[in-house]
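Novice: Counted from 1, the sequence shown has number 571 at position 335 by the numbering used here; the numbering is strictly sequential. Every residue gets a Cβ at the ideal spot worked out from N, C-alpha and C, and that includes glycine. Everything numeric in this text was worked out from a predicted model, so none of it was measured.
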Amino acid sequence: MISYLRRVFVESWLGRVCAIVIFLAFIGWGVGDVLGYMGTETDVVAKVGQQRISSADLGQSLQGEMPTIAKQMGVSDPSQVPPAMRQQIAYQVLQRLIGQAELLEAARKLKVSVPDSAVRNEVFSLPYFKGANGQFDRNILNARLRERDIPEQRFLTMIRDDLASRTMLQPIGQAATVSDTIAKRLSDFGLQTRTVDLIRIPFVEQPTPAAPDDATLHRYYANHLNDFRTAELRHARVVVLSPATVADTITIDEKDLKRVYDEESDRYHVPETRDVQVVTMPDEAQARAVADVWTKGADWAAVQAAAKGGASVEMPGARPSTIPSESLSKAVFAAPLNQIQGPFKSEGGWVVLQVTKVTPPKDTPFEVAKKEILQQYRDAKGPSVVGERSRQLQDAMAGNGLDAIPTDIGAAAAAGTLDTHGNTQDGTPAPLPASGKLRDAIVQQVFAQTKGGKPNLTEGPDNSWYAVEVDSITPAAQLTFEQAKANVLAAWQAEARKHTADEQATALYTAAQTKGGLANVAGAGAPVVKGLTFSRAAPNKAIPSELMDYLPRMKAGQSVMGEDAGEFIVATVTNVSTPNPTADLGAYQRLKSALAQSTGDDLVASYVEALSKRTPPVINQRAVTATLSSLGFDGSTTP
């Protein structure tokens, strides 16, 4: 129910402890204690004590859930979500409703009640129902409820249940604390920094050996026969229907483009914005002390420490309209860049500030913006258009295969010869009207299809459809030694260079292990990259990932050898340091808060699990099946 509320109204007003922990507690929670309820209440899908979850509750929650999930999956139409996933989503939603019912049943047993005044205050506080004057507007509430077809009494019940659930969960979640010992250990684990010296030995930089005698090449050829074969080639015809292929066929009236442009005026007419750091103190003397510290060159962290008795805040990208105080807004937009201003009196106290960045205003004319708006419209509309037109493509193929593809549906066709890597005979990528996972799926289908087999329209990744017809197959064939001799020589020489690089790297690694690091190895023969640092919290992209399974566990003076793409690497850990976590009090407190939140979530999950054991849910499987089937969530129908 809470998840439904969060989707019905603004995310922020129910983004509180209750919603978060219920999601954590019930994602993946099984219903092992569920009984085969076969009562007479056909409109009830589950019972928890005296709580009832109706078919309507489940149906409305599912319909509220699916648009968000579809959007997260990259599709605009919930009907495009695969049937099996729709069914999985349906059962997860049911589990969350059961979790809500467990809390409400526990509240009933503990005689927790929510007075009408609390419900009224909660409704009045929701920004979604406030008018231009910032006050609750009854007409807006009625309009919002009508838009979503929610009866007022049901809405008030939802609010009451939410408040009861919060009353049960907040004391548990907020009671969690984390000791400094645990926080410091975890901080040490994440922030412990290692410094590394590193040498790379590429294969291609090794000397190329002279060509060996034919006997050696014959032996190499015989041991690597599979490396010297012609690739299997197939000539295929392909038809693709995807958001990319239909994009140019999706149009929108100029007046609608202009309407979007006007509605998003804040996006295309961006006023001057400023990044500003603001300190507000309760009296002038304290504000002046902060200004003195700041003027003498203290950084923002030091200024925040000096302003413990007040409030300090950073406002990136601030506009005049986003600054709550009119006097503060005027001061911010009159202040010169990188100069300490104040103290001066404002509505909230005595203010000292510094503007750290000024971004000039930017106006995007309609003729420029409409291209972006059109592309965004096409990106959003493309998946649903593909879904609609796939039926037209299927009908056309049913009559004449790939010979009668309609020209007005945005399908793209291609024909040609390719190998298993999707390349043509000359080694260049085949010009298929697809990329990424869709291209890979098409190539795979080309080499899975039988010659002359009937093309079938197949659903591909990224909201796409494709069909393949194979005309001819040229089987792979073994090249004779004479045919492959040049390639055999090249492969033998490449392996010889790799072997030479291996020997050099092994010698360096052995010496580094013996002498305490690469810095103590004379005449390494390759440039040493020194001073590369990393931690678990801040990896270093310059360090090959092949080494990162070992380096975080190594001590200073230890070395490691690994192989990356086309090279060997030898590395030595030269230093291990653990910074003092309290040196950055802000970061340390954020870590402790995150750990406390995580611990609180675990406590709440354990509590709700205990409730489910004390009052096991009873499922009416027949009612569940009927509800899911009516909405197309049983895996067999389309909603």
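Under DSSP, the alpha helix (DSSP H) around R384 begins and ends at which residues?
Specialist: Premise fails: R384 is in no alpha helix (DSSP H) and is neither H nor E.
Novice: Ordered along the chain, which non-local residues of its own chain (more than five positions away) have a Cβ less than 6 Å from that of V588?
Specialist: Counting only Cβ-Cβ distances below 6 Å, and skipping sequence neighbours, we find V515, A523, V526, A527, G578, P579.
Novice: So, at 7 Å on beta carbons, what are the nonlocal neighbours of P665 in its own chain, with the 5 sequence-adjacent residues on each side left out?
Specialist: Excluding residues within five positions, the ones whose Cβ falls inside 7 Å are G658, N659.
Novice: At 3 residues or longer, and completely inside the segment 478 to 503: list those beta strand (DSSP E) runs for me, N to C.
Specialist: Complete beta strand (DSSP E) runs here, min 3: none at all.
Novice: Given 8 Å as the limit, is there contact between the segment 454 to 474 and the segment 715 to 731, that is, 3 or more CB pairs closer than that?
Specialist: These segments touch.
Novice: Let's see if you can read the secondary structure: which residues bound the beta strand (DSSP E) around S795?
Specialist: It spans 795 to 800 - the beta strand (DSSP E) in which S795 sits, taken as one unbroken run.
Novice: Please classify H657: does DSSP put it in a helix, a strand, or coil?
Specialist: Correct three-state label for H657: coil.
Novice: Alpha carbon to alpha carbon, how far is A306 from G618?
Specialist: Approximately 14 Å, taken between the alpha carbons.
Novice: Output the distance between the C-alpha atoms of M551 and K777, rounded to the nearest integer angstrom.
Specialist: Looking at the two C-alpha atoms, the distance is approximately 31 Å.
Novice: Which runs of the beta strand (DSSP E) fall wholly inside the segment 570 to 629 and span at least 3 residues, in chain order?
Specialist: Qualifying beta strand (DSSP E) stretches, in chain order: 576 to 582, 585 to 595.
Novice: When the distance is taken between beta carbons, is Q389 closer than 9 Å to A337?
Specialist: No, Cβ-Cβ distance for A337 and Q389 is not below 9 Å.
Novice: Under 6 Å Cβ to Cβ from T710, same chain only, skipping five residues before and after it: list those, please.
Specialist: The answer, listed in chain order, is L469.
Novice: How long is the line joining the alpha carbons of A807 and A320, rounded to whole angstroms?
Specialist: Cα to Cα, the separation comes out at about 48 Å.
Novice: When you compare only the Cα positions, how much space is there between V568 and R510?
Specialist: Cα to Cα, V568 sits roughly 8 Å from R510.
Novice: Looking only at its chain, what residues have a beta carbon closer than 6 Å to the beta carbon of G696, apart from the 5 residues adjacent to it on each side?
Specialist: Result list for G696: L674, A677, Y702, in chain order.
Novice: Please state whether the Cβ-Cβ distance between A640 and T481 is less than 9 Å.
Specialist: No, these two residues do not count as a Cβ contact at 9 Å.
Novice: Which partner residues does R390 have in the DSSP bridge list?
Specialist: DSSP, once it has assigned bridges, lists no residue as partnering R390.
Novice: Count the other CB atoms, across all protein chains shown, that sit within 10 Å of the CB of I855; report buried if there are 16 or more and exposed otherwise.
Specialist: That one is buried.
Novice: Below 8 Å, how does it come out for the segment 799 to 806 and the segment 742 to 755: are there three or more Cβ pairs, yes or no?
Specialist: As far as the Cβ criterion goes, the segment 799 to 806 touches the segment 742 to 755, which means the pair count is three or higher.
Novice: Under the rule that 16 or more other beta-carbon atoms within 10 Å means buried, what is N699, buried or exposed?
Specialist: Result: buried.
Novice: For the segment 770 to 837, which segments carrying the beta strand (DSSP E) assignment without a break, of at least 3 residues, lie completely within its bounds, in sequence order?
Specialist: Counting only runs of 3 or more, we get 795 to 800, 803 to 813.
Novice: Start and end of the alpha helix (DSSP H) containing A703?
Specialist: Where A703 is concerned, there is no enclosing alpha helix (DSSP H), although the beta strand (DSSP E) it sits in stretches over 700 to 710.
Novice: Which stretch, first to last residue, makes up the beta strand (DSSP E) that contains P853?
Specialist: Here P853 belongs to no beta strand (DSSP E), and DSSP marks it neither H nor E.
Novice: Let me know if A859 comes out buried or exposed under the rule of 16 or more other beta-carbons within 10 Å of its beta-carbon.
Specialist: Buried: at least 16 other Cβ atoms inside 10 Å.
Novice: Could you say if the segment 819 to 834 and the segment 785 to 793 meet the contact criterion of at least three C-beta pairs nearer than 8 Å?
Specialist: Counting Cβ pairs under 8 Å, fewer than three are found: no touch.
Novice: Contact check, T466 vs L654 under 8 Å by CB: the rounded distance?
Specialist: At roughly 14 Å, the Cβ-Cβ gap does not stay under 8 Å, so T466 and L654 are not in contact.
Novice: When you compare each of L668, D838, Y613 to D484 by their alpha carbons, which one comes out closest?
Specialist: Taking only the C-alpha atoms, the option nearest D484 is Y613.
Novice: Which residue from A650, E705, G426 puts its Cα closest to that of A684?
Specialist: Comparing Cα positions, the closest option is E705.
Novice: According to DSSP, is A547 helix, strand or coil?
Specialist: Three-state DSSP puts A547 in a strand.
Novice: Contact defined as beta carbons within less than 8 Å: I believe M517 pairs with G546. What is the distance between those atoms, to the nearest angstrom?
Specialist: Sure, about 4 Å apart at Cβ, within 8 Å.
Novice: Contact between the segment 338 to 346 and the segment 842 to 849 is defined here as three or more beta-carbon pairs at a separation below 8 Å; is this criterion met?
Specialist: A contact exists between the segment 338 to 346 and the segment 842 to 849.
Novice: Would L744 pass as a contact of A732 if the rule is Cβ separation under 9 Å?
Specialist: Going by C-beta atoms, L744 is not nearer than 9 Å to A732.
Novice: Can you list the alpha helix (DSSP H) stretches of 4 or more residues lying completely in the segment 329 to 415, in chain order?
Specialist: Whole alpha helix (DSSP H) segments, 4+ residues: 352 to 361, 374 to 383, 388 to 410.
Novice: Alpha carbon to alpha carbon, what distance is there between V475 and V267?
Specialist: Reliability fails at V267, whose pLDDT of 36 lies under 50, so the model's placement of it is uncertain and the value that follows must be treated cautiously. C-alpha separation (whole angstroms): 45 Å.
Novice: Report the partner residues of A726 according to the DSSP bridge assignment.
Specialist: None; A726 has no bridge partner.
Novice: Hey, quick one: how far does the alpha helix (DSSP H) through I305 stretch, first residue to last?
Specialist: Looking at the DSSP string, the run of the alpha helix (DSSP H) that includes I305 is 291 to 308.
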